[in-house]
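Trainee: Quick one: the structure is below, questions incoming.
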Ligand SMILES: [Zn+2]
């Protein structure tokens, strides 16, 4: 069992008593419009999928174990405000949640925590980076916006045209195909929009960026196979970081 919240408290006590180092994974997402085809919880599902795979990969490791914390399905998400369904919290709220959750765990003997984030609105990423810097070296951010991580991901992800496009939709198809409206997906034309450049140019919502249906990239090209392949890469990256955190 790799999910902390599915344990009973005596099981948690046993974890503290044995020799393997425990690293806790906090999946962070958003509830945010992801095109007409993908669920609002796309980012949360992606973070959860990475965490579950990494924990499974380490299940029989002699030195380190990873356990998945209950996910945080709310983030700082304002770009999609023109579309229904998004739920945004503010930067201070996100920061307080992350700081208080990690402090609560550290006080019980679980100081090693990785925040696994799949929602890349700059205010979200910036808030998480600041929180992690404040919390010290045992709390780390799995940050796919860093070049050395992004380099290992797909062309579409690296192009920055990656909101509810081929990259994210493939990941959802790999784990939860029933949540992708595949007829709508197949009919979506590709829309190459460089989101990081648009953000640098001062645009702060999907409509201004030209995303009139809350997506960019090429969702019609998404496949479960690509999603599995991307999950494999993401899992390798996360396991590397978990081992680093375990050693500190
Ligand atoms: Zn997303």
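Numbering (the numbering used here), first residue to last: 1158 to 1405. Don't be surprised by glycine CBs; every beta carbon is placed ideally from N, CA and C. Note that this is a predicted model, so its numbers are computed, not measured.
Report the rounded CA-to-CA distance for residue 1341 versus residue 1365, giving the unit in angstroms.
Mentor: So the alpha carbons of these two residues sit roughly 23 Å apart.
Trainee: Just verifying my parser: in three-state terms, what is the DSSP assignment at residue 1269?
Mentor: Note: residue 1269 maps to coil in three-state DSSP.
Trainee: Hey, residue 1273 and residue 1395: beta-carbon distance below 8 Å or not?
Mentor: Their beta carbons are under 8 Å apart, which means residue 1273 touches residue 1395 by this criterion.
Trainee: Quick one: complete alpha helix (DSSP H) runs, 4+ long, within the segment 1268 to 1338?
Mentor: Runs of the alpha helix (DSSP H) inside the segment 1268 to 1338: 1279 to 1292, 1304 to 1307, 1312 to 1316 and 1323 to 1332.
Trainee: Classify residue 1236 as buried or exposed, calling it buried when 16 or more other Cβ atoms lie within 10 Å of its own Cβ.
Mentor: Burial call: buried.
Trainee: Return the CA-CA distance between residue 1300 and residue 1170, expressed in angstroms with no decimal places.
Mentor: Taking the straight line joining both Cα atoms gives about 31 Å.
Trainee: Are residue 1201 and residue 1241 touching if we call contact CB-CB under 8 Å?
Mentor: In this structure, residue 1241 does not lie closer than 8 Å to residue 1201 by Cβ.
Trainee: For residue 1184, write down the residues that DSSP places opposite it in a beta bridge.
Mentor: In DSSP, residue 1184 forms a bridge with 1273.
Trainee: Is residue 1285 closer than 8 Å to residue 1256 when the C-beta atoms are compared?
Mentor: In this structure, residue 1285 does not lie closer than 8 Å to residue 1256 by Cβ.
Trainee: What beta strand (DSSP E) runs, 3 residues minimum, are completely inside the segment 1219 to 1246?
Mentor: The segment 1219 to 1246 contains these whole beta strand (DSSP E) runs: 1221 to 1225.
Trainee: Taking just the CA atoms, how far does residue 1358 sit from residue 1190?
Mentor: C-alpha separation (whole angstroms): 22 Å.
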